[in-house]
Amino acid sequence: MNRPSLYLIMMYVVVVSAAVLAFSCNAADQQPEDVKKWLEQRENHKKITKLHFYFHELRERTSTLVAQANSSATSPTFFGVTYVMDDPLTAGPEFTSEPVGRAQGLYASASKEEAGLVCVFNFVFTNDKYNGSSLSIFGYNPTLRQSRELVVVGGTGVFRMARGVAVLSFVYFDVAGGNATVEYNVIVEHY
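All the letters of the sequence shown, read from the start, carry residue numbers -22 to -1, 1 to 169 under mature numbering (1 follows the signal peptide of the UniProt record, and there is no 0).
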């Protein structure tokens, strides 16, 4: 075989091998074995990340009533109402601020004694730094208190295996309309 042909064959093998390797690394990084390997490489390499953003609840535009008890309408705390939501998260308090993600999940009025919600949702980030990553939030939210805490119980992407706390407080709250802007300060520990 002459030298130019051998050279072309070797270049072809290198290019194809590189392409296959690049594809397999991206496609396989979420397989159980790869996640285990990823975690083993990060032992004792925890990071702390602080996030600050605003959550916008616009009743009937970003959330929808999906269930309620027969007695919910007469309950002073609307006990039993359940909503699903897909609320925008922004960098600033204005609804038109730079979008950073979405809050997707559900909440239900779970107290007969005070206005309070059980919240189960994900912050799904769409901004450059955390695009595609998420944080899973769970907890009881006594809505009429100025400052509350929810628990960060997990995460994906950059926030894989996250745990932490989200401290929230109202910037704006329209009780009658069900509209609100809520400031979130989140601190998470992750790998």
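In this text, a Cβ means the ideal position worked out from N, Cα and C, and glycines have one as well.
DSSP places Gln19 within a helical segment (H, G or I) once states are collapsed to three.
With a minimum length of 3 residues, the unbroken runs of beta strand (DSSP E) contained wholly in the stretch 38 to 78 fall at 41 to 45, 60 to 68.
Per the coordinates, the alpha-carbon of Ile26 lies some 45 angstroms from the alpha-carbon of Asn48.
For Lys14, the three-state secondary structure derived from DSSP is helix. Taking Phe56 as the centre and dropping the five residues before and after it, the same chain places the C-beta of Ser50, Ser87 closer than 6 angstroms to its C-beta, in chain order.
In the structure shown, the three-state DSSP call for Val136 is helix.
Distance from the CA of His23 to the CA of His168, rounded to the nearest whole angstrom, comes to 9 angstroms.
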